[in-house]
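Heads up: the sequence shown at position 33 corresponds to 32 in numbering that gives the first Met the number 0, and the numbers run straight through without jumps.
Accompanying notes for the structure given below.
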Amino acid sequence: MSEKNLVSDKVLITEIKKTLSKLANNNSSWTLVLGRETLSATDVIQRLDKDKHLRKIVLTHYVGLAVEMEKQGREKRFGEDNT
């Protein structure tokens, strides 16, 4: 994410870690599958600061999911044609 962000990657990572911590406490069976590797929420939290590749993947998916959720909410509220 080399573009100028409204919210810094550091802030996003902090929020993602909070969410993953809640997941780890509420759903210990949650995993992130990356190719041949399977990571628990706790594993992801521990690796986010050190692993730039993992951080990029998580940030990309997190932002993509946020955009998709906003789009679905807008479509539900205003109808399919409003983009």
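All C-beta atoms, glycine included, are put in the ideal place defined by N, C-alpha and C.
As the structure is a prediction and not an experimental result, all values here were calculated from the model.
In three-state terms, what does DSSP make of Ser20?
The three-state reading of DSSP puts Ser20 in helix, counting H, G and I together.
The alpha helix (DSSP H) enclosing Val62, as first and last residue numbers
Lys51 to Phe77
I need the DSSP call for Asp8, collapsed to helix, strand or coil.
helix
Alpha carbon of Ile44 to alpha carbon of Thr13, nearest angstrom:
Taken atom to atom, the span from the alpha-carbon of Ile44 to that of Thr13 is near 10 Å.
Within its chain, find whatever has a CB closer than 6 Å to the CB of Leu22; leave out the 5 residues flanking it on each side and keep chain order.
A distance below 6 Å between beta-carbons, with the five flanking residues on each side excluded, links Leu22 to the following residues of its chain, in chain order: Trp29 and Ala40.
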